[in-house]
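FYI, my numbering numbers position 163 of the sequence shown as 882, with every residue one higher than the one before it. A virtual CB, placed ideally from N, CA and C, is assigned to each residue, including glycine.
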Amino acid sequence: DHSTRFLLRSMVTDSERRPLEQFMFVSLELGKLPSDTDLVPRQSELLATTAAPPDELELRGAPLWSVTEPPPGFSLSSARRPRNGVAGTEHLVYSDGLANVSIYVEPRDAKDEEKTTVAGRGTLNVYTTVDGEWRFTVLGDVPVLTVSTIARSIGRSVKDAAETHQAPTDVP
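See the structure below:
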């Protein structure tokens, strides 16, 4: 709105300017203070917080896997492994401060074909690929170019996981 400078509509588009998501006010009353009940969320999911699943443990030391060439601004913000997982299985989170990208590294299932799968819905994009004995799944509310760039640059951080993995902590 030009007179109040309130953002009334926002749209996320892809590289070809096609809309992916759109937010807008359909009704807005200016100049009226909200009541206490107006400030209470009406949907319980709005109160949800995110935390590591109880079956994951924070890694101490460097993770076994890393992104060798992350997109500009992205860096490792979290590294976890399943409590009872196979050595080398990890859940990494890279962030640029605004968006988070999760990377799941897990042993390849014998049925997995050596192919790459790309899927998206709205702003969420998922890129899955198999390389040797490992399957890599990268997902986030970021452009498909970001998840594919990250997936193509995942590599082992070190030759021997025992060199960097210390006893895990129970920090969620």
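Considering only the beta carbon of each residue, do ILE873 and THR808 sit closer than 9 Å?
no
Using 8 Å as the Cβ pair cut-off and three pairs as the minimum, do the region 836-856 and the region 746-757 touch?
no
Backbone CA spacing between GLY780 and SER876 [nearest angstrom]:
11 Å
With C-beta atoms as the reference, is ALA699 less than 9 Å away from LEU811?
This structure cannot settle anything about residue 699, because the visible part of the chain is limited to 720 through 891.
Give me, in chain order, the residues of the same chain whose beta-carbon lies closer than 8 Å to that of GLY792; leave out the 5 immediate sequence neighbours on both sides.
ASP815 and GLY816
I need the boundaries of the beta strand (DSSP E) containing LEU811, first residue and last residue.
809-814
At the level of alpha carbons, what is the spacing between ASN803 and ASP831?
22 Å
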